[in-house]
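Trainee:
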Amino acid sequence: MVKAFGATTAVDGLSLTARRAEVFALLGPNGAGKTTTIEMCEGFLRPTSGEIRVLGLDPVARPDEVRRRIGIMLQGGGSYSGIRVAEMLRLAAAYNDNPHDPEWLIEVLGLDGVRNTTWRRLSGGQQQRLSLALAVIGRPELIFLDEPTAGLDAQSRLAVWELVDALRADGVTVILTTHLMDEAEALADRIAIMDKGRVVAEGTPAELTSGETGARVTFETDTPLDLESALGRIAGSCPGTPGIEAVRPLRYCIPAPATPALVAALADAAADQDVLVRRLDVDHRNLEEVFLDITGRSLRS
Ligand SMILES: Nc1ncnc2c1ncn2[C@@H]1O[C@H](COP(=O)(O)OP(=O)(O)OP(=O)(O)O)[C@@H](O)[C@H]1O
Numbered sequence: 001m002v003k004a005f006g007a008t009t010a011v012d013g014l015s016l017t018a019r020r021a022e023v024f025a026l027l028g029p030n031g032a033g034k035t036t037t038i039e040m041c042e043g044f045l046r047p048t049s050g051e052i053r054v055l056g057l058d059p060v061a062r063p064d065e066v067r068r069r070i071g072i073m074l075q076g077g078g079s080y081s082g083i084r085v086a087e088m089l090r091l092a093a094a095y096n097d098n099p100h101d102p103e104w105l106i107e108v109l110g111l112d113g114v115r116n117t118t119w120r121r122l123s124g125g126q127q128q129r130l131s132l133a134l135a136v137i138g139r140p141e142l143i144f145l146d147e148p149t150a151g152l153d154a155q156s157r158l159a160v161w162e163l164v165d166a167l168r169a170d171g172v173t174v175i176l177t178t179h180l181m182d183e184a185e186a187l188a189d190r191i192a193i194m195d196k197g198r199v200v201a202e203g204t205p206a207e208l209t210s211g212e213t214g215a216r217v218t219f220e221t222d223t224p225l226d227l228e229s230a231l232g233r234i235a236g237s238c239p240g241t242p243g244i245e246a247v248r249p250l251r252y253c254i255p256a257p258a259t260p261a262l263v264a265a266l267a268d269a270a271a272d273q274d275v276l277v278r279r280l281d282v283d284h285r286n287l288e289e290v291f292l293d294i295t296g297r298s299l300r301s
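All letters in the sequence shown, in the order written, are residues 1 to 301 by the UniProt record's numbering.
Right, dumping it as structure tokens:
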């Protein structure tokens, strides 16, 4: 599908399929076209060209039928301003034939302390969690979450992750957008990495991060490593080690297959310099590196 706003092409020939009962993440930097994509799927925006089917239905032609079966998390909305949290959830439950228990959602989303607080007095993060609860309460078959954890503190973020896991276990299809690669990696069964309105890579987290660029050892240290002397030390016990690359400050990569001897030599070389190896990954790129490899730019920019 394509979506143009005047001279800006927000979505530029995107093609995606999310399967039933999977958590599908659209990952991309700001302006990649994630929100526009989701809003077209929800029937709020009409594609300039292309075709969308949600649960087999065209969301622009049949918005009411589609919206009855999906959950939408409205940014900063979805509630009445004077109503209390528990009341709002009970009200929303009453509109549905087979709702989730409001008390369960209050508990998983950490809203117990504000159950009697009105919407307008909630913090931004609490409003966001209530919006999520409202999106979920009617047991939709499919739920769209646009940046569900943006602006949340670490604890609330974990609560949202747990809820997404519970939905998946329940057989709900979840489509979420994020620009947080750890979120996509932790939550998603499949990820589409978007840039400039297109999908630049798609697959399971394992497929995307194992990559075809071959074996490598990536590690992080607490202080900078002197690469030349470290390589000399490592090559002493592992001849043929091709080199050590600085990926970014305090993060390095040896583009060679991991062996027990290489890992031991690396730890020794760091210890010689009184440098602590904080993290070490074998044959595993994170999604940031995948994005950087494909686009030459950082996901965070
Ligand atoms: N209504 C609009 N009118 C004009 N341009 C728009 C409109 N909505 C989005 N755009 C543009 O389309 C592009 C994609 O925006 P979109 O919000 O879909 O990206 P995103 O990936 O969701 O980004 P973010 O992570 O910042 O939310 C951006 O360049 C944006 O400025």
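Quick reminder that beta carbons are idealized off the backbone N, C-alpha and C, glycines included. Source: prediction; values computed, not measured.
Just checking asparagine 30 against ligand 1 - is the residue's beta carbon closer than 7 angstroms to any of the ligand's heavy atoms?
Mentor: Indeed, a heavy atom of ligand 1 lies less than 7 angstroms from the Cβ.
Trainee: For phenylalanine 144, report the span of its alpha helix (DSSP H) as first-last.
Mentor: Not the alpha helix (DSSP H): phenylalanine 144 falls in the beta strand (DSSP E), residues 142-146.
Trainee: So, using beta-carbon positions, are arginine 216 and threonine 204 closer together than 8 angstroms?
Mentor: Cβ distance not < 8 angstroms, so arginine 216 and threonine 204 don't count as in contact.
Trainee: Per DSSP, which residues does glycine 71 bridge with? Please list them.
Mentor: Glycine 71 pairs with Ile143.
Trainee: For the alpha helix (DSSP H) holding cysteine 41, just list the boundary residues, first then last.
Mentor: Element bounds for cysteine 41: 34-41.
Trainee: Going along the chain, which residues of its own chain have a beta-carbon closer than 8 angstroms to the beta-carbon of isoleucine 294, five neighbours each way excluded?
Mentor: Ile193, Asp195, Val200 and Ala201, listed in sequence order.
Trainee: Whose C-alpha, out of Trp161, Lys34 and Thr173, is nearest the C-alpha of glutamate 183?
Mentor: Selected option, being the one with the closest Cα: Trp161.
Trainee: Could you check the C-alpha separation between serine 235 and valine 263 for me, to the nearest Å?
Mentor: Here residue 235 turns out to be alanine, not serine, going by the sequence shown. Between alanine 235 and valine 263, the C-alpha separation is close to 12 angstroms.
Trainee: Rounded to whole angstroms, how far is the Cβ of serine 79 from the Cβ of leucine 163, which I believe are closer than 8 angstroms?
Mentor: Going by Cβ atoms, the distance from serine 79 to leucine 163 rounds to 18 angstroms, so no, they are not a contact pair.
Trainee: I'd like to check one pair, alanine 188 with alanine 18: are the Cβ atoms closer than 8 angstroms?
Mentor: No, they are not a contact pair.
Trainee: Quick check: is any heavy atom of ligand 1 less than 7 angstroms from the C-beta of glycine 13?
Mentor: Result no, Cβ not under 7 angstroms from ligand 1.
Trainee: Excluding the 5 residues preceding and the 5 following glutamate 220 in the sequence, name in chain order all residues of the same chain whose CB lies nearer than 7 angstroms to its CB.
Mentor: So the qualifying residues of the chain are Leu250, Arg251, Arg278 and Arg279.
Trainee: Since arginine 297 and aspartate 12 are thought to touch, with beta carbons under 8 angstroms apart, how far apart are those beta carbons, to the nearest angstrom?
Mentor: Arginine 297 to aspartate 12, Cβ: 17 angstroms. No contact.
Trainee: From proline 260 to serine 49, what distance separates their C-alpha atoms?
Mentor: Using only the alpha carbons, I get a separation of about 54 angstroms.
Trainee: Buried or exposed for leucine 74, please, with buried defined as at least 16 other CB atoms from any protein chain shown within 10 angstroms of its CB.
Mentor: Exposed, since its Cβ has fewer than 16 Cβ neighbours within 10 Å.
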